[in-house]
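Chemist: A single structure is presented below for examination.
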Amino acid sequence: MNLAVAYFILLVAAALEAGGDALVRVGLHGENLTLRIGLFVAGAAVLFGYGLVVNSPPWDFGKLLGVYVTLFFVVGQIINLLAFGIRPDLPMLVGGALIVSGGLVITLWRA
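If you're matching positions, the sequence shown starts at 170 in the numbering used here and goes up one per residue.
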């Protein structure tokens, strides 16, 4: 499998996982019971989609896990900003820089 395709699949998986988590989070804090149930069902469906996407390719997921964690962190911060209006503070930016640095090491280091 082409490396760019693998990373794209991981990016889609990260978006599904973070998005599904966000749907469940909104459902937990909603007041309308019907809307809450709908958000829980939608969140479960999106998280199931994540499980399908991330596990379908025949790769050694352990080798790509660091890259996935990096993508999950970045997508999670974007969703946190867009959906919840929360900007990352300095500790989040510094820690995030370390996470992204680790992802780059895993991606670019050739043995």
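From the three backbone atoms N, C-alpha and C, an ideal C-beta is built for every residue, glycine too.
Quick one: using the 10 Å Cβ neighbour count with 16 as the cut-off for buried, is residue 192 buried or exposed?
Modeler: Under this definition residue 192 is a buried residue.
Chemist: Put residue 249 into one of helix, strand or coil per three-state DSSP.
Modeler: Three-state result, residue 249: helix.
Chemist: Could you give the C-beta distance for residue 248 and residue 188, rounded to a whole number, given that I count them as a contact under 8 Å?
Modeler: Yes, they are in contact, since the Cβ atoms of residue 248 and residue 188 sit about 6 Å apart, within 8 Å.
Chemist: Residue range of the alpha helix (DSSP H) that residue 260 falls in?
Modeler: 259 to 277 is the extent of the alpha helix (DSSP H) around residue 260.
Chemist: For residue 195 versus residue 180, is the C-beta distance shorter than 7 Å?
Modeler: Against a cut-off of 7 Å, the Cβ pair of residue 180 and residue 195 comes out as no contact.
Chemist: Could you tell me which of 263, 277, 238 and 210 sits nearest to residue 223, measuring between CA atoms?
Modeler: Checking every option, the nearest Cα to that of residue 223 belongs to 238.
Chemist: Given a threshold of 16 other Cβ atoms within 10 Å of its Cβ, counted over all protein chains shown, does residue 173 qualify as buried or as exposed?
Modeler: Result: exposed.
Chemist: Note down, in chain order, each residue of its chain lying with its Cβ closer than 7 Å to the Cβ of residue 235, except the 5 sequence neighbours on either side.
Modeler: Only 271, 272 and 275 meet the Cβ criterion.
Chemist: Considering only residues of the same chain and omitting the five flanking positions on each side of residue 211, which have a CB-CB separation below 6 Å?
Modeler: Answer for residue 211: 192, listed in chain order.
Chemist: Tell me whether residue 186 is buried or exposed, calling it buried when 16 or more other Cβ atoms sit within 10 Å of its Cβ.
Modeler: With 16 or more other Cβ atoms within 10 Å, it is buried.
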